[in-house]
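Residue numbers (this note's numbering), protein chains in the order written: chain A, 2 to 152; chain B, 24 to 124.
Each remark here refers to the structure printed beneath this line.
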Amino acid sequence: MTQQASEIVIEKTVTVSVPVDEAFRVFTEEIETWWPLRTHAVDTESSDTVVLEGREGGRLFERAPGGEEHVWGLVRTWEPPQRVGYTWHPGRGKETAQEVEVTFTPDGEGTRVDVRHWGWEKLGDRLDETIASYTEGWDLVLSRYAGATNG
Amino acid sequence: MAALADPTRRAVFERLRSGPRPVVEIARGLPVSRPAVSQHLRVLKEAGLVRERREGTRNFYSVNGDGLAEVREYFEEFWDEALAAFKLVAEKGETHDSASE
Numbered sequence: 002m003t004q005q006a007s008e009i010v011i012e013k014t015v016t017v018s019v020p021v022d023e024a025f026r027v028f029t030e031e032i033e034t035w036w037p038l039r040t041h042a043v044d045t046e047s048s049d050t051v052v053l054e055g056r057e058g059g060r061l062f063e064r065a066p067g068g069e070e071h072v073w074g075l076v077r078t079w080e081p082p083q084r085v086g087y088t089w090h091p092g093r094g095k096e097t098a099q100e101v102e103v104t105f106t107p108d109g110e111g112t113r114v115d116v117r118h119w120g121w122e123k124l125g126d127r128l129d130e131t132i133a134s135y136t137e138g139w140d141l142v143l144s145r146y147a148g149a150t151n152g
Numbered sequence: 024m025a026a027l028a029d030p031t032r033r034a035v036f037e038r039l040r041s042g043p044r045p046v047v048e049i050a051r052g053l054p055v056s057r058p059a060v061s062q063h064l065r066v067l068k069e070a071g072l073v074r075e076r077r078e079g080t081r082n083f084y085s086v087n088g089d090g091l092a093e094v095r096e097y098f099e100e101f102w103d104e105a106l107a108a109f110k111l112v113a114e115k116g117e118t119h120d121s122a123s124e
């Protein structure tokens, strides 16, 4: 293996022109207004909403009109409006969960939002299996994404 | 990317978990011909899941450790997309609500 799983931390930053409170609220409470479910979901065909329960131990999940739910993870850190952290195992068992943490920092009149996604080493011996399940589970995601970008 | 949707192909892939193997060994016990196994390996290789290495006259196949890099690449893209959508909505809300404060 050319790279250790524990060395991988995906870090992303976006700056938005709204205050921290607002940025935090849209990111969490109003996640269903912006999360791209058509491409970023376990069931991209049916799921029509995503819910982030705003408390420690709350669930982050997608839901279809028929009520079927797919849990993505559990909220581990709930510090509004500075920080929210949750486990991340959409479409997989929670024993393979990574960690996602999002921080909200004032930046002028706006907010800097930093996302960190790590914990790949937890996969351990299951790495190949998990990569396979990603490849398989996100097939539809990728094909739809490809379709959308080509269209 | 539907490389693992086919059950035989998945069986081929699973046989590589224990270490690099030549085609003849991978094919042993599978209910398909050796050329069919080679074809499955080719698809897995194109999907980046399997790697090929020539040793003498034989080709050894193994699980591609760079799959991890692919997962990473995928999630880099994933978060770029998600955050772009977030920014769009967060800032749109601002114009609607700016009079409320």
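The beta-carbon is built from N, C-alpha and C at its ideal position, and this holds for glycine as well.
Note that this is a predicted model, so its numbers are computed, not measured.
(message) Just list the residues that DSSP pairs P107/A with in beta bridges.
(response) For the purposes of this step, residue 107/A is taken as residue 106 along the first sequence, with counting starting at 1. Paired residues: T112/A.
(request) Please classify T97/A: is it buried, with 16 or more other beta-carbons within 10 angstroms of its beta-carbon, or exposed? (result) Taking the first sequence and counting its residues from 1, one reaches residue 97/A at position 96. Label assigned to T97/A: buried.
(request) State the beta-bridge partners of T88/A as determined by DSSP. (result) In the first sequence, residue 88/A corresponds to position 87, counting from 1. The partner list for T88/A (beta bridge, DSSP) reads E100/A.
(message) Quick check: the region 21-30 of chain A against the region 53-72 of chain A, are at least 3 beta-carbon pairs closer than 8 Å?
(response) yes
(request) Quick one: which residues of the region 93-111 of chain B get their C-beta closer than 8 Å to a C-beta of chain A? List them in chain order. (result) E93, V94, R95, Y97, F98, E99, F101, W102, D103, E104, A105, L106, A107, A108, F109, K110 and L111
(message) Is there a Cβ of chain A sitting closer than 8 Å to that of A113/B, yes or no?
(response) What you label residue 113/B is simply residue 90 of the second sequence in a count that begins at 1. At least one chain A Cβ lies under 8 Å of A113/B.
(request) Determine which residues share a DSSP beta bridge with I11/A and list them. (result) Walking along the first sequence from the start, residue 11/A turns up at place 10. The partner list for I11/A (beta bridge, DSSP) reads H118/A.
(request) Tell me, please, whether the region 59-78 of chain B touches the region 68-84 of chain A by the rule of three or more beta-carbon pairs shorter than 8 Å. (result) no
(message) Just to confirm the assignment: which complete alpha helix (DSSP H) runs, minimum length 4, are found wholly within the region 57-101 of chain B?
(response) 57-69
(message) Checking 8 Å against the spacing of the C-beta atoms, do F105/A and V21/A come in under that value?
(response) Translated into the one-based positions of the first sequence, residue 105/A becomes position 104. Translated into the one-based positions of the first sequence, residue 21/A becomes position 20. Yes, these two residues count as a Cβ contact at 8 Å.
(request) Assuming A24/A and T88/A form a contact by the criterion Cβ under 8 Å, report the distance between their Cβ atoms to the nearest whole angstrom. (result) Start at 1 with the first residue of the first sequence, and residue 24/A comes out as number 23. Start at 1 with the first residue of the first sequence, and residue 88/A comes out as number 87. Wrong, their Cβ atoms sit about 22 Å apart, outside the cutoff.
(message) I'd like the list of long-range same chain contacts for P107/A, defined as Cβ closer than 7 Å, with 5 residues on each side in sequence excluded.
(response) For this step, residue 107/A is matched to residue 106 along the first sequence. Here the set comprises V21.
(request) At 8 Å on the CB atoms, spell out the chain B contacts of T40/A, in chain order. (result) Your numbering for residue 40/A matches position 39 in the first sequence. Near T40/A (Cβ distances below 8 Å), the residues of chain B are E104.
(message) I'd like to know whether the C-beta of E110/A is nearer than 8 Å to at least one C-beta of chain B.
(response) Residue numbering aside, residue 110/A sits at position 109 when the first sequence is read from its first letter. For E110/A, the answer is no, since every Cβ of chain B falls outside 8 Å of its Cβ.
(message) Nearest by alpha-carbon distance to V72/A: which of D115/A, A42/A and S7/A is it?
(response) Stepping through the first sequence from its first residue, residue 72/A is reached at position 71. Closest by alpha carbon: A42/A.
(message) Considering just the uninterrupted stretch of the alpha helix (DSSP H) at R26/A, what are its terminal residues?
(response) Stepping through the first sequence from its first residue, residue 26/A is reached at position 25. Run containing R26/A: V21 to F28, per the alpha helix (DSSP H) assignment.
(request) Could you confirm whether any beta carbon from chain B is found closer than 8 Å to the beta carbon of A149/A? (result) The residue given as residue 149/A occupies position 148 in the first sequence. Only weak support is given to the placement of A149/A: the predicted model assigns it a pLDDT of 34, under 50, and the question is left unresolved by the model.
(message) Please list the terminal residues of the continuous alpha helix (DSSP H) segment that includes R33/B.
(response) For this step, residue 33/B is matched to residue 10 along the second sequence. First-last of the alpha helix (DSSP H) with R33/B: P30 to E37.
(message) For V1/A and S7/A, what's the separation of their Cα atoms in angstroms?
(response) Given a span of 2 to 152 for chain A in the structure shown, any question on residue 1/A remains unanswerable.
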